[in-house]
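In my numbering, the protein residues as written are 5 to 367. We put the beta carbon where it would ideally sit given N, CA and C, even for glycine. What you are looking at is a predicted structure, and each value in this text was computed from that prediction instead of being measured.
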Ligand code: FAD
Ligand code: EPU
């Protein structure tokens, strides 16, 4: 199969990842339709190269050379599919900007995404780690997605159950990792606003702003944006990928041990377990605002690693390993990285073979 669209070789990804890391893709293509995507995947099969789908690049750490085809997923479109008294069903293509989808949903009187305002990146990446913020996760409104199989080029349907969402987790980070490119997502939103103000800081800010008056969805969205702007660095000013580690979950037994030694530890009960604030652990380890060369933790939020300028993926990785080691030494807790690393492990991403190659083997 010949590829009808532009494929770039040795393409710089410096502007394509929010950490601002220098990286070169062996091949790079931007696809705006399912047909273009299918052609790009066929090209990768022909070259026997792994495929790396890319959205806004806000949750990746790139090594300096990616021996792969990086496919920037740029399919556009969003629509209200149906509306009744309770529910508004919407569908968005994978290349839509997430925050613009949130604003568009509110304009269309469809509620439930307001707490997820201002999360960088695309609709297609949102299910990969089941994005979440301020007490809401994507899975709360998720109905289904369509994804193209890298192996067959066919578009398959996944409902909520088959995505097996968890905290910053889905089947696409586990059993189905590196096997699909998500092309669209369908969500069921609420026809009437049901404010979710359980996250203390959000409720407090709205109460200060509005007193006893009930907040509108736009009030909530704006409050979330303001809190985020206050706490998190803007990637257009300081390179970062949001939280660099997940908040670890520990048993009651571990929690009892920690509480004895650190009575002020910040933690939230989740069923029988506890979720620890990783930012607090890093902060208490004396690493807030820490800097080693070109990488550091953010002054206002220790969970966020920042590129002070000129850092490489390896610098970020080494710095994050130092944080993991120090937190483990102090608390006996292992922090798990949140962004996806594309470093030396690219060789492990499956490569699919074209039918021609299979036929040649058979001769
Ligand atoms: P990318 O970084 O481009 O890709 C991330 C991963 O998804 C990669 O493995 C990539 O291959 C894969 N991928 C991307 N698109 C597709 C596709 N169409 N099909 C298959 N695989 C795909 N996350 C939260 O959950 N909550 C937050 O509050 C939050 N705050 C953030 C704040 C800042 C300042 C930043 C920089 C990041 C934050 N993040 C947060 C992380 C990030 O915004 C999300 O993970 C987001 O969903 C990533 O979208 P993206 O398009 O940039 O994905
Ligand atoms: N804290 C500190 N010091 C710090 C940072 C945090 O003590 O330097 C403590 C604070 O006391 C605070 C607690 O940790 O009470 C939690 O901090 P915050 O409210 O900032 O949230 P977080 O747990 O650090 C998580 C998500 C964010 C999400 C916010 C809001 C993860 C890994 N991170 O951060 O998601 O926006 O909650 O819901 O779950 C992301 O995934 O990239 C991300 C930014």
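Using CA coordinates, which residue listed in the options is at the minimum distance from residue i?
i           : options               : result
residue 28  : 36, 17, 198 and 312   : 17
residue 245 : 43, 317, 100 and 178  : 317
residue 198 : 190, 118, 126 and 164 : 118
residue 355 : 153, 69, 158 and 89   : 153
residue 352 : 158, 56 and 120       : 56
residue 312 : 256, 201, 251 and 241 : 241
residue 38  : 248, 237, 135 and 78  : 78
residue 12  : 31, 22 and 26         : 31
residue 90  : 107, 67 and 114       : 114
residue 358 : 22, 42, 329 and 21    : 42
residue 178 : 131, 188 and 223      : 131
residue 295 : 278, 276, 327 and 63  : 327
residue 82  : 99, 75, 67 and 278    : 99
residue 257 : 277, 333 and 338      : 277
residue 1   : 80, 107, 65 and 344   : With the chain covering 5 to 367 only, the question about residue 1 has no answer from this structure.
Quick check: does the Cβ of residue i come within less than 7 Å of any heavy atom belonging to the ligand FAD?
i           : result
residue 161 : no
residue 48  : no
residue 53  : no
residue 166 : no
residue 400 : Past the edges of the chain, shown from 5 to 367, lies residue 400, and the structure says nothing about it.
residue 354 : no
residue 63  : yes
residue 193 : no
residue 42  : no
Start and end of the alpha helix (DSSP H) containing residue i?
i           : result
residue 207 : 204-214
residue 227 : 221-235
residue 106 : 102-111
residue 263 : 256-265
residue 335 : 317-335
residue 39  : 38-51
residue 285 : 282-288
residue 247 : Per DSSP, residue 247 belongs to no alpha helix (DSSP H); it is in the beta strand (DSSP E), 243-247.
residue 166 : 164-167
Would you say the beta carbon of residue i is closer than 7 Å to some non-hydrogen atom of the ligand EPU?
i           : result
residue 305 : yes
residue 227 : no
residue 268 : no
residue 236 : yes
residue 283 : yes
residue 13  : no
residue 180 : no
Can you name, in chain order, every residue of its own chain whose Cβ lies under 7 Å from the Cβ of residue i, other than the five neighbours on each side?
i           : result
residue 262 : 269 and 335
residue 350 : 54, 70, 71 and 72
residue 138 : 119, 203, 206 and 228
residue 109 : 94, 117 and 193
residue 6   : Any reading at residue 6 is ruled out, since the residue's pLDDT is 47, under 50, leaving its predicted position unreliable.
residue 140 : 119, 120 and 200
residue 279 : 251, 253, 271 and 272
residue 162 : 148, 149 and 151
residue 304 : 235
residue 307 : 247, 248, 249, 282, 283 and 286
If I measure Cβ to Cβ from residue i and keep anything under 6 Å in the same chain, skipping five residues before and after, which residues do I get?
i           : result
residue 190 : 95, 147 and 148
residue 250 : 172, 340 and 342
residue 210 : 219 and 227
residue 50  : 358
residue 232 : 122
residue 239 : 22
residue 76  : 34 and 58
Could you check where the beta strand (DSSP E) with residue i kicks off and where it finishes?
i           : result
residue 274 : 271-274
residue 66  : 64-66
residue 58  : 55-58
residue 152 : 146-153
residue 71  : 69-77
Just to confirm my understanding: we take residue i, look at its own chain, exclude 5 residues before and 5 after, and list those with CB closer than 8 Å. What are they?
i           : result
residue 160 : 150, 151, 152, 153 and 184
residue 112 : 84, 92 and 94
residue 310 : 237, 242, 243, 244, 299, 300, 301 and 302
residue 157 : 42, 45 and 46
Exposed or buried, what is residue i when buried is set at 16 or more other beta-carbons lying within 10 Å of its beta-carbon?
i           : result
residue 367 : Per-residue confidence for residue 367 stands at a pLDDT of 46, beneath the threshold of 50, marking its modelled position as unreliable; no derived number is given.
residue 166 : exposed
residue 282 : buried
residue 285 : buried
residue 324 : buried
residue 104 : exposed
residue 86  : exposed
residue 216 : exposed
residue 255 : exposed
residue 275 : exposed
residue 97  : buried
residue 196 : exposed
residue 264 : exposed
residue 19  : exposed
Step through the CB atoms of chain C and report whether any lies within less than 8 Å of the CB of residue i.
i           : result
residue 300 : Here there is only one protein chain, and chain C is not present.
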